[in-house]
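Asks: In case it helps, this note's numbering puts the sequence shown at residues 1 to 337. Glycine included, C-beta positions come from ideal geometry on N, C-alpha and C. First the structure, then my questions, so here it is.
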Amino acid sequence: MRLRSLVAALVALVALAALACNGDGPGPTATPSAVEEAVAAPSPAAEAFSFDCAAPAEAVRPDVSGFPAEVTDSVGNTVTLEAPPERIASLSAGHTEILYAIGAGDQMAVVDNASDCPQAVNDLPKVDAFSPSVEAIAGLEPDLVIIFFDPGDLQSSLQDLGVPVLNLSAPESVQGVYQQMVLLGMATGHVDEAEEVAARMEEAVGDIRSQLQDVTDGPSVFHEVDNTYFSAGPGSFVGDLYSILRAENIAEATGGAYPQMSAEAIIEADPEVIVLADEFAGESPDTVRARPGWNSISAVQNDRIYVIDPDIVSRPGPRLVEALRTLVAYLYPERFP
């Protein structure tokens, strides 16, 4: 899809903008303790956790006992909700998936053009998250709007019209995903469901961690965000995935969350594994092999160039477990055949 390709191509730019919002400002409040409580007693079925985009979305009636509710977002904006929202507009594909995962599907009214999972979102009106129209969004009468970055004055303009807005910047870690999940549970009347999903995800991630606990020298990896050699380093959600998997991420040397690397630097780093999250741009193992000088890279010589769906690896949401399971099989094929 052309739009999906555009969104994926802009992921580095958008991630930088979102992370900038999250950098020095306060994070969402009232969530860490709730997450820690939830993951302390995880579900025994966690190892089977999955979020299937093709499966029917299960909705749960919201719990009104937690309202009025005060929720503080990533930029320090506190929103007071008198009752569970009935018409949520999510302008963030990752948060859309979280909302459906915690049972808030029946409360969804609007999503952004990038939201394509679960399939139920295809029945909803869609708006542009990158160049949003205040009038178009307000005209759809949402009673809560979720954004992951503000391209202008969207948040203040909607709030001036009486529409509450939560700006939830892209999480920098898997733990940050759990925290935002519980926060959205608080905002929508699904605290119990959010804590349960977060706990199951945490246990599934913990199962992968435990199988790698003896790894002291993981493979080096280059994660390609697009074909101009943007990658994912420390301080990024994707970077945290590789940290969990004990891989040596060659982008860490740059110190940036989404650095643009040079071909020379990548060749010199000689990664053992290359992961392509830019199939939308026409990149494949064959195009990588054809790049000048790349035939000297170990990953190329040993046929360890892999393609991953950018949606599962770049969206901080319930499919991070699927992303980890995919990546761990690429990094450790002998352990995860």
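(1) Let me check understanding here. Comparing Cα to Cα, which of E334, E172, D217 lies closest to R304?
(2) Apart from the five residues on each side of it in sequence, which residues of its chain come closer than 7 angstroms, Cβ to Cβ, to A277?
(3) Determine the direct distance from the alpha carbon of E252 to that of Q213, and round the result to whole angstroms.
(4) Can you find the residues in the same chain that come closer than 7 angstroms, C-beta to C-beta, to T96, ignoring five residues on each side of it along the sequence?
(5) Taking the alpha-carbon positions, what's the E36 to F49 distance?
(6) Going by C-alpha distance, which of E264, F67, V288 is nearest A187?
(7) Cutting at 8 angstroms between CB atoms, please list the residues of its own chain near R289, excluding the five before and the five after it.
(8) Specify the secondary structure class of A351 as computed by DSSP and reduced to three states.
(9) Quick check for students: name the residue ranges of the beta strand (DSSP E) that lie wholly in the region 175-260, counting only runs of 3 or more.
(10) Span of the beta strand (DSSP E) holding Y330?
(11) Starting from the C-beta of S173, find all residues in its chain whose C-beta is less than 6 angstroms away, skip the five residues before and the five after it, and write them out in chain order.
(12) Select from L161, D192, L324, Y229 the residue whose C-alpha is nearest the C-alpha of V64.
(13) Nearest to L168 by alpha carbon, out of L327, A54, G293, I147?
(14) Following the continuous alpha helix (DSSP H) through A299, name the residue where it begins and the one where it ends.
(15) I'd like to check one pair, G162 with P316: are the Cβ atoms closer than 8 angstroms?
(16) Taking 7 angstroms as the cut-off, is the C-beta of G206 nearer than that to any heavy atom in the ligand GDP?
(17) Using a 10 Å radius around the Cβ and a threshold of 16 neighbouring Cβ atoms, would you call S133 buried or exposed?
(18) Rounded to the nearest angstrom, what separates I297 and G105 at their Cα positions?
(19) On the premise that L99 lies in contact with L154, defined as a C-beta separation below 8 angstroms, what is that separation, rounded to the nearest angstrom?
(20) According to the neighbour-count rule (16 or more other Cβ atoms, all chains shown, within 10 Å of its Cβ), is R200 buried or exposed?
(21) Under the three-state reduction of DSSP, which class applies to R335: helix, strand or coil?
Replies: A quick look at the data gives this:
(1) Within the sequence shown, residue 304 is the residue found at index 304, counting from 1. From the listed residues E334, E172, D217, the smallest Cα separation to R304 is found for E334.
(2) Position 277 of the sequence shown, counted from the start, is the residue given in the question as residue 277. The residues are H223, E224, V225, I308, P310, V313, S314.
(3) By 1-based counting over the sequence shown, the position of residue 213 is 213. By 1-based counting over the sequence shown, the position of residue 252 is 252. If you take the alpha carbons of Q213 and E252, they lie about 21 angstroms apart.
(4) Taking the first residue of the sequence shown as 1, we reach residue 96 at position 96. Around T96: S90, V111, S115, V121.
(5) Taking the first residue of the sequence shown as position 1, residue 36 is located at position 36. Taking the first residue of the sequence shown as position 1, residue 49 is located at position 49. With a pLDDT of only 41 at E36, under the threshold of 50, the placement of this residue in the model should not be trusted; the figure read from the coordinates follows. Using only the alpha carbons, I get a separation of about 19 angstroms.
(6) For the purposes of this step, residue 187 is taken as the residue at position 187 of the sequence shown. Cα-wise, what sits closest to A187 is F67.
(7) Taking the sequence shown and counting its residues from 1, the one referred to as residue 289 is at position 289. Correct list, in chain order: N295, V300, I305.
(8) Residue 351 lies beyond the residue range present for the chain, which begins at 1 and ends at 337; the question has no answer from this structure.
(9) The region 175-260 contains these whole beta strand (DSSP E) runs: 220-224.
(10) Taking the first residue of the sequence shown as 1, we reach residue 330 at position 330. No beta strand (DSSP E) holds Y330; the alpha helix (DSSP H) holding it covers 320-331.
(11) Mapped onto the sequence shown, residue 173 falls at position 173. Around S173: D240.
(12) Taking the sequence shown and counting its residues from 1, the one referred to as residue 64 is at position 64. For V64, the nearest C-alpha among the options comes from D192.
(13) Along the sequence shown, one-based indexing puts residue 168 at 168. That would be I147, whose Cα lies nearest to the Cα of L168.
(14) Residue 299 sits at position 299 when you count from the first residue of the sequence shown. It spans 298-301 - the alpha helix (DSSP H) in which A299 sits, taken as one unbroken run.
(15) Residue 316 sits at position 316 when you count from the first residue of the sequence shown. Residue 162 sits at position 162 when you count from the first residue of the sequence shown. It is not a contact, given that the beta carbons lie outside the stated cut-off.
(16) With respect to the ligand GDP, the structure shown offers nothing to examine, as it has no ligands at all.
(17) Within the sequence shown, the letter at position 133 stands for residue 133. Flag for S133 reads exposed.
(18) One-based indexing of the sequence shown puts residue 297 at position 297. One-based indexing of the sequence shown puts residue 105 at position 105. The C-alpha of G105 is placed about 46 angstroms away from the C-alpha of I297.
(19) Here the question's residue 154 lines up with position 154 in the sequence shown. Here the question's residue 99 lines up with position 99 in the sequence shown. Not confirmed; about 19 angstroms, so no contact.
(20) Within the sequence shown, numbered from 1, the residue matching residue 200 stands at position 200. Looking at its Cβ environment, which holds 16 or more other Cβ atoms inside 10 Å, R200 is buried.
(21) Position 335 of the sequence shown holds residue 335. Correct three-state label for R335: coil.
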